[in-house]
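S.K.: Before I ask anything, let me first share the structure, which is written out below as structure tokens.
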Amino acid sequence: MALQRLDKLLSATGHWSRKEIKDMVRQGRITADGRPVLRPEEKWDPQLAEIRVDGQAVDCAPFVYLMLHKPAGLLSATEDRDQKTVLDLLPEHLQRRGLFPVGRLDKDTEGLLLLTDDGELAHRLLSPRKHVDKVYYAKVDGIVDRDDAAALAEGMTLGDGLRCLPAGLEPLGDGSECLVTLREGKYHQVKRMMAARGKPVIYLKRLSMGPICLDERLKKGEWRMLNSQELQNLKGQ
Numbered sequence: 000m001a002l003q004r005l006d007k008l009l010s011a012t013g014h015w016s017r018k019e020i021k022d023m024v025r026q027g028r029i030t031a032d033g034r035p036v037l038r039p040e041e042k043w044d045p046q047l048a049e050i051r052v053d054g055q056a057v058d059c060a061p062f063v064y065l066m067l068h069k070p071a072g073l074l075s076a077t078e079d080r081d082q083k084t085v086l087d088l089l090p091e092h093l094q095r096r097g098l099f100p101v102g103r104l105d106k107d108t109e110g111l112l113l114l115t116d117d118g119e120l121a122h123r124l125l126s127p128r129k130h131v132d133k134v135y136y137a138k139v140d141g142i143v144d145r146d147d148a149a150a151l152a153e154g155m156t157l158g159d160g161l162r163c164l165p166a167g168l169e170p171l172g173d174g175s176e177c178l179v180t181l182r183e184g185k186y187h188q189v190k191r192m193m194a195a196r197g198k199p200v201i202y203l204k205r206l207s208m209g210p211i212c213l214d215e216r217l218k219k220g221e222w223r224m225l226n227s228q229e230l231q232n233l234k235g236q
């Protein structure tokens with residue numbers, strides 16, 4: 000990777016401003032590969048250099064990738080003047096990084112939401128040509144049956160003329176619960192398809208997106224960084 004200015008690397012983490020970094024350099028609080036940094040404009044490789052502030056290692060990776068267990072009641076957006084968004088669940092330094100949701104979940108929908116500042120990867124995952132599978136658990140008012148599964152598998156045309164790609168539907172338990180697998184992500188799609196079948200959704204939760212499954216150890220509103228295997232799998236999509 001190309002060398003980058005130290006003050007740019009550290010400010011991109013969201014922890015410090017460039018002015019704060021300049022002051023810390025002057026105070027001798029920053030080291031790179033074991034030696035004190037003398038100038039904030041020194042250039043280092045963010046993936047190879049060991050950069051420390053006050054003796055603590057700093058992760059200067061160019062991008063952040065995390066999974067969030069989205070609770071109901073929050074918007075899948077970066078900001079909103081009137082309502083809270085999923086970014087309000089993150090610490091301040093991550094809010095300052097410019098993270099954004101990879102796709103959206105409705106305000107009242109729960110479950111897996113990926114957040115990153117890697118625009119290229121997000122574009123790839125959301126591209127219609129990629130058809131990345133997204134699996135949802137749904138509870139409906141009614142009982143799903145083989146006719147419903149056949150209708151989704153064929154590809155539904157909704158009342159407004161929207162043509163949906165073929166989708167999967169797997170009944171669970173007594174049939175009032177099911178798994179729905181989409182290969183696209185149109186507005187309110189699961190709810191609109193099930194409503195068209197006369198079985199409106201009363202609860203919806205996303206379980207997976209491509210190779211990434213929601214870590215059920217995460218409580219609603221909690222998040223964690225993707226591990227190296229998850230990230231490798233995601234980038235292989």
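Residue numbers for the sequence shown, in the numbering used here: 0 to 236.
Note that beta-carbon positions come from the ideal geometry of N, C-alpha and C, so glycine has one too.
#1: How far does the beta strand (DSSP E) with I302 in it extend, from its first residue to its last?
#2: Three or more beta-carbon pairs under 8 Å between the segment 186-203 and the segment 146-158, yes or no?
#3: Short check: CB of L178 to CB of V134, under 8 Å?
#4: Among I50, Q55, T84, whose alpha-carbon lies nearest the alpha-carbon of F99?
#5: Who are A56's beta bridge partners in DSSP?
#6: Buried or exposed, going by whether 16 or more other CB atoms sit within 10 Å of the CB of E109?
#7: Use the C-beta contact count for I242: other C-beta atoms within 10 angstroms, 16 or more gives buried, fewer gives exposed.
#8: How many angstroms separate the CA atom of P70 from the CA atom of R28?
#9: May I ask you to report which of helix, strand or coil DSSP gives K7?
#10: I believe A48 touches D58 by the beta-carbon criterion, under 8 Å. Please report the beta-carbon distance rounded to the nearest angstrom.
#11: With H, G and I counted as helix, E and B as strand and the rest as coil, what does DSSP make of H92?
#12: Which whole-angstrom value is the C-beta distance of K42 and L2, which I expect to be below 8 Å?
#13: Please report the distance separating the alpha-carbon of G235 from that of K129.
#14: Exposed or buried, which one is I50 when buried takes at least 16 other CB atoms within 10 Å?
#15: What does DSSP give as the partner residues of P100 in its beta bridges?
#16: Pull up the CB-CB distance for P260 and I20, whole angstroms please, since I reckon it's below 8 Å.
#17: Does the beta-carbon distance from R96 to D116 come in below 8 Å?
#18: Check whether the Cβ of P61 lies closer than 8 Å to any Cβ atom in chain D.
#19: Secondary structure at K138, three-state DSSP: helix, strand or coil?
M.R.: Per the coordinate set shown:
#1: No answer is possible for residue 302: it lies beyond the span of the chain, which begins at 0 and ends at 236.
#2: yes
#3: Looking up residue 178 in the sequence shown gives position 179. Looking up residue 134 in the sequence shown gives position 135. It is a contact, given that the beta carbons lie within the stated cut-off.
#4: The residue given as residue 99 occupies position 100 in the sequence shown. Checked all of I50, Q55, T84; the closest Cα to F99 is T84.
#5: Mapped onto the sequence shown, residue 56 falls at position 57. DSSP, once it has assigned bridges, lists R51 as partnering A56.
#6: Stepping through the sequence shown from its first residue, residue 109 is reached at position 110. It counts as buried.
#7: This structure cannot speak to residue 242, because the chain is shown only from 0 to 236.
#8: Reading the sequence shown from its first residue, position 71 is the one you call residue 70. Reading the sequence shown from its first residue, position 29 is the one you call residue 28. Taking the straight line from one Cα to the other gives about 39 Å.
#9: Taking the first residue of the sequence shown as position 1, residue 7 is located at position 8. Note: K7 maps to helix in three-state DSSP.
#10: Stepping through the sequence shown from its first residue, residue 48 is reached at position 49. Stepping through the sequence shown from its first residue, residue 58 is reached at position 59. About 12 Å separates the two Cβ atoms, so there is no contact after all.
#11: Position 93 of the sequence shown holds residue 92. Looking at H92 - three-state DSSP - the assignment turns out to be helix.
#12: Counting from 1 along the sequence shown, the entry for residue 42 is found at position 43. Counting from 1 along the sequence shown, the entry for residue 2 is found at position 3. 4 Å between Cβ atoms; contact.
#13: What you label residue 235 is simply residue 236 of the sequence shown in a count that begins at 1. What you label residue 129 is simply residue 130 of the sequence shown in a count that begins at 1. About 11 Å.
#14: Numbered from its first residue, the sequence shown carries residue 50 at position 51. Buried.
#15: Residue numbering aside, residue 100 sits at position 101 when the sequence shown is read from its first letter. Paired residues: L114.
#16: Coverage of the chain is limited to positions 0 through 236, which leaves residue 260 absent and any answer about it impossible.
#17: Residue numbering aside, residue 96 sits at position 97 when the sequence shown is read from its first letter. Residue numbering aside, residue 116 sits at position 117 when the sequence shown is read from its first letter. Cβ distance < 8 Å, so R96 and D116 count as in contact.
#18: In the structure shown, chain D cannot be found, because there is only a single protein chain.
#19: Here residue 138 refers to the residue found at position 139 when the sequence shown is read from its first residue. Of the three classes helix, strand and coil, the one that applies to K138 here is strand, per DSSP.
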